[in-house]
Structures are given as structure tokens and as C-alpha cells.
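S.K.: Below is one structure. I have some questions about it.
In UniProt numbering, the protein residues as written are 1 to 124.
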């Protein structure tokens, strides 16, 4: 007889546990539905307020948007860049040096030429 009572108690406990679980599921669904309804109402209220503001001022103000993930996108973009090889870097460096030296020589030559012309023409 005691085994029968123990089995009935276990079954009752199991049924109660299932009922609590079902109630939690229902509560969760109700909370989700309530949250969705609240979000929808909030969205409608914001739209109505925006429309009222637009009607009052004649134009809709521009909202400031947050700049999000700036550094994350910056690092991602830097990783995408195809950086030149060492050989290409040195070639570019020497091209810049040669161009700079040539440009300096041309400027010095022009300055010297004008100096010679002005001194020979007796322009002080």
C-alpha cells in the first residue's frame, strides 16, 4: 500500500511540475506579447509626436545619429588594404629622393641664372 501511495505522490509531483512548466511558458508568451504591444504603442506615439512637431514647425528636424563602431571599422579597413612589398617601398623611396634632388638642382640653377642676369644688367 505504501508503494502505491509513493507512486501516486510521485505522479502528483510530476503533474504539478508539468503544470508549473506550462504556466512559465504561458507567462513568457504573455510577457513577449505585452512587450511587443508596448513597443508598437511606443512607436506609434513617437510617430504621432514627430508628425505633430513637423506640423508645428513646417519641417522635420534631422536626428543626430551616433557614430558607432568607428575604430572597429577603421581596423577592419586597414586589414583589407593590400600593403606594398619591401621592394616596392624602396623603389618609391628612391624615386622620391631622385625627384627631390633634381628639383632642388633646377631651382638653384634658375636662381643662379637670374642672379647672373641681374648683376650683368646692373640691377641692384
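Just so you know, even glycine gets a beta-carbon here, dropped at the ideal spot from N, CA and C.
It should be emphasised that the depicted structure is a prediction, and the values quoted were computed from it without experimental measurement.
State the DSSP-derived secondary structure class of residue 117, mapped to helix, strand or coil.
M.R.: helix
S.K.: Which residue marks the beginning of the alpha helix (DSSP H) containing residue 80, and which one marks its end?
M.R.: 70–80
S.K.: Note down the Cα distance separating residue 84 from residue 103, rounded to an integer number of angstroms.
M.R.: 26 Å
S.K.: Run through DSSP, which three-state label would residue 123 get?
M.R.: Residue 123: coil per DSSP, three-state reduction.
S.K.: Alpha carbon to alpha carbon, what distance is there between residue 39 and residue 64?
M.R.: 22 Å
S.K.: Do you know how far the Cα of residue 22 is from the Cα of residue 51?
M.R.: 43 Å
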